[in-house]
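Down below is the structure, laid out as structure tokens.
Residue numbers (our numbering), protein chains in the order written: chain A, 2 to 444; chain B, 2 to 444.
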């Protein structure tokens, strides 16, 4: 066994050998093997038994990491968030929903600019890295600034348009949407872009028809906030005579797939639409709990075979960007809702947080750990009291796991976080300073 | 400003100066001041403005710690747990409640001995320290072994008897209870003992009357599992014609105070009993969610002025021993239950997790930070992405906080945990090894 540890500049793309590891590939099952994993450039090139360097010629590794029996697994995919809202974290909590939104959030959001969003997104990315999140599905304004934050830090972002009646005329919105779709799908390896709009309740029919037409033109999926609150569904019923999901479906919005964020208040017919078009439900249990929106019917969706992904929602409404907390909430809220301690087992939750998210976000090569896939992976530290004894690692991750267990986060073959240190081309203290300056300026 | 950092053996009781700190004393309000805090021996001797060493003669400090603007606050009190059940963490999850209890938990519990409990309690204590917990209220067997684990690690434990019809005859149980009460209240500064029994549903009337008589004899409070599940309450109604709370009250069980663990299924009359006798509700939202027991009416109890404390319950049913997760659950589950995003504000939750717990556990000198009180305190690291920007620190702790933010845990004037390292007179790896050996032997 090679045991030299070659420390070179982290953050750079290089060839890395992880050995003496437990590996959860998530490729088809939840079994955990022991062995090693190689990364060459930004791709995984080998997963398997320990290699003796006398037996075969090993690649020229820049760094060889003794994983010490800890677990390598795919990075988590945060499948719904508004990263740049970090400035409003804990700014206005414990208020009734409408007061929170109308008196606190909207007026503050109106004051921030693209440069602010760049810095505020960077703050969110730091937090993602501490939670083992390797990609986010981000709906916010100023896609160029948000993208640049990810690119500069080496993080992976899938953008989703959030156009609505307040972001411009129908023509402006649709022109923006099409040009962003083209631009940000050819911008950088770390960035991709999905068609989307803020929600049925903030878009009139011409705008929605325009988005559906673009979906048809590009054969592209569409994502939106959907049925987050009871009031939203009731308003749509009054206005359109049907639920948001069926209304959008009638407009042809989901003919090429996509999905909905939240999906708390769904009818049987709504779920049938999701099933028919193979749409993803992105569940946000932390936000839905804190804002008293309700508990989505995840157990039922799972039974129906609907793809489920997990998102933190933005930091104004959660307030943490922590996939461990969200995973735990997904399952325990279902146990409460279904009055059944066996509802939504841990393995299923782990699938939603990794493969389910990657599927929604179009991250075909970043879902599981396999030779040929992109190296978006994390190491879970099992040598912590909350992971001991080693009875069942996947259940431990979901029921006991915490950010404290994230030992390393690698995105696109680069180590961006290791042993509580960031390697993101900027100093964390600088990013904190910027975020405080922004909120102090706006206050 | 003195800025030397004298590093001597941590874990020893010594004189420590914390300077350049934010301080949340919890003494009467939630305001945060800036300044310094001194610990001499095991007591806090000063909290206030920064002291210039030229102005007055400072005590002879063994260590001076630059807190760098982070937050000192009282340690969390884990007001209900069964620490030694660490061996069953993630051993049997996602099962219906009765299968879990009867087929998995009880048969395994029957196999462990006092030495096992010593090691398994130590594992739990490591986890408490990572979560900023400075004392636990522990109901389990073998009080001497459980106490010794705490004493050896420098941790504070309040024991609670868990006698029931399976732990001996009524006479044996009551003799044990009285002798333990006398012994463990004069054993060690770190240990105290409360009268208690497992639950109404595992005790016949003669045993309950015996406990009530001891409560009267010693003018001592009594604690027990109470109304955790609907089935438990229904069974008591069938058997005794009234709820567990009113039944126990009729026996005089609560004439000298005490309280109940869980208290999920409580009637108006039950709550009136709690109010009348100034009892504490120890809520366990993680366990109650995972086992699908239900959501306690915390918002209502709070409105009535009932003292509320927070417990993790044991690691078999939670599975983490993490006060941050419990605090978050306390408030968001109430927001869902009450359909009101303003239910149970963060400050109230922080009070339950510190002062409310100390009140229940009889820890009169370990509740708040004040000169003269015992130094059971923690430092919360604010220089982490989940705590930025600094909009509202107390809300941040409850809504975004995690174990990762615990920079230091001090119990009885000793630093037991600092910067991810334990100073507990034993190596964490040894404790993990013992726990794995125990479960592997029993499996």
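Where a beta carbon is used, it is the ideal one built from N, C-alpha and C, also for glycine.
Under the Cβ distance rule, residue 131(B) counts among the residues neighbouring chain A, one pair being separated by less than 8 Å. Secondary structure at residue 42(B): coil, using DSSP grouped into helix, strand and coil. For residue 182(B), the enclosing alpha helix (DSSP H) starts and ends at 171 to 185. In this structure, the beta-carbon distance from residue 403(B) to residue 404(A) falls below 8 Å. When rounded, the separation of the alpha-carbon atoms in residue 398(B) and residue 418(B) is 19 Å.
Contact of residue 85(A) with chain B is not assigned, every C-beta pair being separated by 8 Å or more. Sixteen is the threshold: since fewer than 16 other Cβ atoms of the shown chains lie within 10 Å of the Cβ of residue 422(B), the residue is exposed. Between residue 324(B) and residue 134(B), the gap from beta carbon to beta carbon is short of 8 Å. CA-CA distance, residue 157(A) to residue 139(B), rounds to 45 Å. Per DSSP, the continuous beta strand (DSSP E) segment holding residue 136(A) begins and ends at 134 to 140.
Positions of the beta strand (DSSP E) runs, each at least 3 residues long and wholly inside the region 108 to 167 of chain A, are given as 134 to 140 and 157 to 161 in order along the chain. The beta carbon of residue 443(A) sits closer than 8 Å to those of 88, 109, 112 and 113, all from its chain and outside the five residues before and after it, given in chain order. For residue 241(A), the enclosing alpha helix (DSSP H) has its first and last residue at 231 to 241. The continuous stretches of alpha helix (DSSP H) do not include residue 293(B), and DSSP gives it neither H nor E.
For residue 210(B) and residue 234(B), the gap between their C-alpha atoms comes out near 19 Å. Taking a contact to require three or more Cβ pairs closer than 8 Å, the region 314 to 331 of chain B and the region 31 to 46 of chain B do not qualify as touching.
Taking all protein chains shown into account, residue 170(B) has fewer than 16 neighbouring C-beta atoms within 10 Å of its C-beta and is therefore exposed. Residue 236(A) is outside the set of residues whose beta carbon lies under 8 Å from a beta carbon in chain B. Under the three-state reduction of DSSP output, residue 91(A) falls in the coil class, being neither helix nor strand. In the structure shown, residue 310(B) adopts extended strand secondary structure according to DSSP, grouped into three states. Here residue 99(A) is exposed. Its C-beta has fewer than 16 other C-beta atoms within 10 Å. In the three-state scheme derived from DSSP, where H, G and I count as helix and E and B as strand, residue 251(A) is classed as helix. Fully contained in the region 342 to 426 of chain B are the following alpha helix (DSSP H) runs of length 4 or more, in chain order: 347 to 352, 358 to 362 and 394 to 400. Residue 253(B) holds the alpha-carbon nearest to the alpha-carbon of residue 214(B) among 185(B), 65(B) and 253(B). Proximity of residue 347(A) to chain B, defined by a Cβ-Cβ separation below 8 Å, is satisfied. For residue 276(B) against residue 309(B), the beta-carbon gap comes to about 12 Å, at or over 8 Å, which does not count as contact.
Residue 357(B) and residue 379(B) have their C-alpha atoms roughly 17 Å apart.
Residues of the region 96 to 124 of chain B with a C-beta less than 7 Å from any C-beta of chain A: 96, 97, 98, 101 and 124, listed in chain order.
The criterion of a C-beta distance shorter than 8 Å is not satisfied by residue 48(B) and residue 17(B). Residue 333(A) reaches chain B at 290 and 291, counting residues in chain order whose Cβ is nearer than 7 Å. Under the Cβ criterion (8 Å, minimum of three pairs), the region 60 to 79 of chain B does not count as touching the region 370 to 387 of chain A. Using a CB distance cut-off of 8 Å, residue 437(A) counts as an interface residue toward chain B.
Residues of the region 309 to 331 of chain B with a C-beta atom less than 9 Å from some C-beta of chain A are 316, 319, 320, 321, 322, 323, 325, 326, 329 and 330, listed in chain order. Rounded to the nearest angstrom, the gap between the Cα atoms of residue 172(B) and residue 301(B) is 39 Å.
For the beta strand (DSSP E) assignment, the uninterrupted runs of no fewer than 3 residues enclosed by the region 192 to 234 of chain A are, from N- to C-terminal side, 192 to 200 and 223 to 227.
Under the three-state reduction of DSSP, residue 77(A) is assigned to strand.
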